[in-house]
Amino acid sequence: MKNRFECLIKGLRDLGDDVQVFTPCVSPPKEYHGAKVTGVLGFRLPFYKSPTLLLSLGLSIRVFWHLIMSRPDVIHVSSPGLIVFAAILYAKMLDLPLVVSYHTHIPEYIPKYTWKGLVSPMWSIIRFCTRMADLTLVTSLAMKQELTANRCTAGKIDVWQRGVDTHVFNPRFRSPAMRARMTDGNPDAPILTYIGRLGAEKNLYALKGILGRLPGARLCFVGDGPERQQLEQHFAGMPVTFTGMLQGEDLSAAYASADVFMMPSESETLGFVVLEAMASGLPVVAVAAGGLTDIINRPGTTGYLYPPGDYDRAVELTQQLLQSQERRQTIGAAARAEVERWGWGAATRRLRDQQYMRAIRKNLAKRWFGWVAIRYTIARGLQNLFSAVLAVVAWIAARLDYARPYRAQAAISS
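For the sequence shown, counting from 1, position 382 maps to 382 in the UniProt record's numbering; every step adds exactly one.
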């Protein structure tokens with residue numbers, strides 16, 4: 001998600017747009033590609049021990065003042081997270097278009113970290129957020145179908161076109177030195193790799209059984225997260241390396257230098273790291289679940305998919321790749337060709353020119369109907385008031401007409 005928003009900010013700035021960023025991230029820069037960055041107070045989740053994951057209420061006079069003074073054309077907030085509620089509040093108070101992008105499928109994560117009884121209330125919250133937004137963006141068609149099936153407003157959900165930087169993630173970064181680093185000095189061994197957050201939701205413990213049935217192969221975890229210590233204990237004594245977080249050319253080299261990318265997660269809304277692996281010419285073996293089926297849309301040609309929980313099939317597919325360099329190169333080249341169609345420029349232009357404009361038009365329509373409703377209410381109120389006045393006048397007139405003959409008759413009698 002972080003990479004996606006960084007690419008979005010850069011793309012919007014390249015198109016000449018003014019961008020303001022409000023984020024609870026640790027030590028945010030003052031600006032990013034010319035976009036002003038403002039930090040907001042955040043806190044860590046007690047049950048998800050990650051040094052980089054912060055939540056924020058987003059309630060800040062400074063943020064609200066920035067929005068009042070700048071009057072942005074669109075507010076785009078990332079969810080899930082508490083900051084989405086602040087964005088809803090600001091958008092409603094200032095009558096601004098609101099776009100909510102949904103990146104992490106929390107109902108899948110809740111049973112792994114908390115109590116599964118919270119799943120139903122979470123769906124209620126998700127439905128509320130999609131109703132409040134002018135447009136909700138999801139990362140895959142599968143996720144759009146999931147939200148729609150759970151009674152989220154179908155007409156207000158669209159897929160945010162995938163994108164990947166094919167210059168940063170590229171086979172040219174393949175490096176013998178990085179292979180040695182990823183294998184503790186055994187660069188000639190076949191390398192399986194997983195790159196990304198080390199969290200319980202990623203189902204990484206399943207890789208132990210797969211690796212144990214692939215003699216001679218080594219596994220490298222690139223990244224960090226709350227499960228790292230437990231994973232190190234789980235894989236103790238096995239040919240497994242943990243590099244920690246890598247960035248820049250080191251990260252590009254890690255992708256390009258491995259032999260097979262493993263993605264055992266069954267809850268990916270998109271699988272951004274899978275896109276980066278494919279761009280690096282690295283064949284992928286992944287679970288046929290969530291957004292991964294959108295990315296590897298030609299299984300056997302641009303990558304391999306196995307049914308959730310079918311680790312025999314996962315071992316079989318991985319063996320096919322490890323036993324044939326030609327197959328790895330063919331799958332990797334096809335994967336690279338597939339993602340070359342998904343440049344960030346086209347994705348950003350579609351978001352800016354079509355999806356943001358859709359949210360703006362919807363917001364304008366709501367405002368117009370709102371004014372129509374107000375005028376109608378006022379007109380009906382005046383009409384009812386006028387009718388009431390006429391009724392009172394008619395009643396008074398009727399009483400007067402009734403009283404006059406009576407008084408005249410009384411006067412004659414006297």
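Glycine included, each C-beta is placed from N, C-alpha and C at the ideal position.
Being a predicted model, the structure only gives us computed values, none of them experimental.
Query: Leucine 192 bridges to which residues according to DSSP?; Result: Leu219, Val260
Query: Which residues share a DSSP beta bridge with aspartate 158?; Result: Leu137
Query: Considering only C-alpha positions, which residue in the set Ile125, Arg228, Ala256 is nearest to alanine 177?; Result: Ala256
Query: Quick one: using the 10 Å Cβ neighbour count with 16 as the cut-off for buried, is glutamate 340 buried or exposed?; Result: exposed
Query: Consult DSSP for threonine 318 and reduce its assignment to one of helix, strand or coil.; Result: helix
Query: Whole angstroms is fine: what's the gap from alanine 253's alpha carbon to arginine 174's?; Result: 5 angstroms
Query: Between threonine 136 and lysine 116, is the Cβ-Cβ spacing less than 8 angstroms?; Result: no
Query: Excluding the 5 residues flanking proline 190 on each side, which residues of the same chain have their C-beta closer than 6 angstroms to its C-beta?; Result: Ala217, Asp259, Leu322
Query: Spell out the partners DSSP gives glutamine 20 in its beta bridges.; Result: Lys36
Query: Can you give me the start and stop residues for the alpha helix (DSSP H) that leucine 67 sits inside?; Result: 61 to 70
Query: Just list the residues that DSSP pairs tyrosine 255 with in beta bridges.; Result: Paired residues: none, contrary to the question.
Query: What is the DSSP secondary structure of glutamate 108, reduced to helix, strand or coil?; Result: helix
Query: Out of Lys202, Gly223, Pro187, Gly237, state which residue places its alpha-carbon closest to the alpha-carbon of leucine 211.; Result: Gly237
Query: Would valine 19 and arginine 13 qualify as a contact pair, given that the criterion is a beta-carbon distance under 8 angstroms?; Result: yes
Query: Do you know offhand how far arginine 131's Cα is from proline 72's?; Result: 21 angstroms
Query: What do you reckon, are the CB atoms on glycine 199 and proline 226 nearer than 8 angstroms?; Result: yes
Query: Among all the DSSP beta bridges, which residues are the ones paired with proline 299?; Result: Gly303
Query: Return yes when the Cβ of glycine 209 is within less than 8 angstroms of the Cβ of lysine 202, no when it is not.; Result: no
Query: In three-state terms, what does DSSP make of histidine 234?; Result: helix
Query: At the level of alpha carbons, what is the spacing between glutamine 355 and isoleucine 75?; Result: 12 angstroms
Query: Short of 7 angstroms in beta carbon distance, which residues of its chain neighbour glutamate 276, apart from the five on each side in sequence? Order them along the chain.; Result: Val164, Phe169, Tyr255
Query: Are the beta-carbon atoms of valine 77 and isoleucine 83 separated by less than 8 angstroms?; Result: yes
Query: Assuming alanine 286 is part of the beta strand (DSSP E), what are its boundary residues?; Result: 284 to 287
Query: Between proline 187 and alanine 359, how many whole angstroms is the CB-CB distance? I'm expecting something under 8 angstroms.; Result: That belief does not hold up - the Cβ atoms of proline 187 and alanine 359 are roughly 50 angstroms apart, past 8 angstroms.
Query: Mark phenylalanine 34 as exposed unless 16 or more other C-beta atoms lie within 10 angstroms of its C-beta, in which case mark it buried.; Result: This sequence places glycine at residue 34; phenylalanine is not what is there. Per the 10 Å Cβ criterion, exposed.
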